[in-house]
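Structure first, commentary second.
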Amino acid sequence: MQETLRITEIFYSLQGETRTAGLPTVFVRLTGCPLRCQYCDTAYAFSGGEIMSLDAIVLQVASYKPRYICVTGGEPLAQPNCIPLLKRLCDAGYEVSLETSGALDVSAVDPRVSKVLDLKTPGSAEVARNRYENIELLTPNDQVKFVICSREDYDWAVSKLIQYRLDARVSEVLMSPSHHELDARSLAEWIIADNLPVRLQMQLHKILWNDEPGH
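Each residue of the sequence shown is one higher than the one before, starting from 1 at the first, in the UniProt record's numbering.
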């Protein structure tokens, strides 16, 4: 039986976040997520979608002739066949990243994939879902992301940065202000004041396209 995935969308745009921000990237958005973060901006990916074979997904991705692929969601790892898809994309020679909530086991993810692991802050309403065992599996190819909703969230994120020495473990520690909740300038000033080894991350796609579908 052919391996399949439920796909919300596949599209070509600029990467809006992470260490490849600004680079043309194909996004493969898988359907479904077991979390309900209060600031989620992709709730349309919770259900619906189209069943596609891995062959069809790889073929559609190839049609864009991309260098970078981002597998995202929803929560991609909620569908077991995400793992073989990631391997096939790596085998095809793409630079592949995986955006994951950090709530599910990442141990089976191909090591060639850059895991962008989201550590959920208290302000997300899903802090209890963090799977801290995943941190031990992170490598210098990976990235850790915090979405910051408040000063309390920022202080919590700093404590995790220090506790797990995240800046020494991964290539990038990213902090993003929660859209419409925290002023980006405030977060920037906190990072500067504390001289943190992190990157302030603005969501480029929201600046350019104001969350229009397909971007």
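Here a beta-carbon is modelled for each residue, glycine too, at the ideal position from N, C-alpha and C.
Quick one: Cα of V61 to Cα of I135, how far? The sequence position of residue 61 within the sequence shown is 61, counting from 1. The sequence position of residue 135 within the sequence shown is 135, counting from 1. The straight-line gap from Cα to Cα measures roughly 30 Å.
Leaving out five residues on either side along the sequence, give the residues of the same chain with a beta carbon under 6 Å from the beta carbon of A188. Here residue 188 refers to the residue found at position 188 when the sequence shown is read from its first residue. Taken in chain order, the residues that qualify are L200.
Does the ligand COA have a heavy atom nearer than 7 Å to the CB of T25? With respect to small molecules bound, the structure shown includes none, and the ligand COA cannot be examined in it.
Can you give the beta carbon distance from L182 to I148, rounded, assuming they're within the 8 Å contact cut? Translated into the one-based positions of the sequence shown, residue 182 becomes position 182. Translated into the one-based positions of the sequence shown, residue 148 becomes position 148. L182 to I148, Cβ: 6 Å. Contact.
Do S97 and T8 have their CB atoms nearer than 8 Å? Taking the first residue of the sequence shown as 1, we reach residue 97 at position 97. Taking the first residue of the sequence shown as 1, we reach residue 8 at position 8. One thing to note: S97 has its Cβ no nearer than 8 Å to the Cβ of T8.
Distance, D194 Cα to A92 Cα: Position 92 of the sequence shown holds residue 92. Position 194 of the sequence shown holds residue 194. Straight-line Cα distance between these residues: approximately 42 Å.
For a cutoff of 8 Å on Cβ pairs, would you count L30 as touching chain C? The structure shown contains no chain C; it holds only a single protein chain.
Rounded to the nearest angstrom, what separates D153 and L196 at their Cα positions? Residue mapping note: residue 153 aligns to position 153 of the sequence shown, counting from 1. Residue mapping note: residue 196 aligns to position 196 of the sequence shown, counting from 1. Whole-angstrom Cα-Cα distance: 15 Å.
With distances taken Cα to Cα, identify the nearest neighbour of R169 among N130, V144 and R129. Along the sequence shown, one-based indexing puts residue 169 at 169. Selected option, being the one with the closest Cα: V144.
Residues of its chain near G22, where Cβ-Cβ distance is below 8 Å and the 5 sequence neighbours each way are ignored: Taking the sequence shown and counting its residues from 1, one reaches residue 22 at position 22. Closer than 8 Å at the Cβ level, and outside the excluded window around G22, lie L14, Q15 and L204.
For I51, count neighbouring C-beta atoms within 10 Å of its own C-beta (all shown protein chains included) and say buried if the count is 16 or more, exposed if not. Taking the sequence shown and counting its residues from 1, the one referred to as residue 51 is at position 51. I51 is exposed by the Cβ-count criterion.
Between the Cα of H180 and the Cα atoms of Q38, I10 and P34, which residue gives the shortest distance? The residue you call residue 180 lines up with position 180 of the sequence shown. If we check each option's Cα against that of H180, Q38 comes out closest.
Candidates L35, I57 and E3, of which the one nearest K120 by Cα: Counting from 1 along the sequence shown, the entry for residue 120 is found at position 120. K120 has its Cα closest to that of L35, out of L35, I57 and E3.
Just to confirm my understanding: we take V106, look at its own chain, exclude 5 residues before and 5 after, and list those with CB closer than 6 Å. What are they? Taking the first residue of the sequence shown as 1, we reach residue 106 at position 106. Excluding residues within five positions, the ones whose Cβ falls inside 6 Å are K115, N134 and L137.
Straight-line gap, P111 to T31 (C-alpha atoms, nearest Å): Within the sequence shown, numbered from 1, the residue matching residue 111 stands at position 111. Within the sequence shown, numbered from 1, the residue matching residue 31 stands at position 31. A straight-line Cα-Cα distance of about 23 Å links P111 and T31.
Boundaries (first-last residue) of the beta strand (DSSP E) holding Q143: Counting from one through the sequence shown, the residue named residue 143 turns up at place 143. Q143 to I148 is the extent of the beta strand (DSSP E) around Q143.
Helix, strand or coil: how does DSSP classify S97 here? Here residue 97 refers to the residue found at position 97 of the sequence shown. For S97, the three-state secondary structure derived from DSSP is strand.
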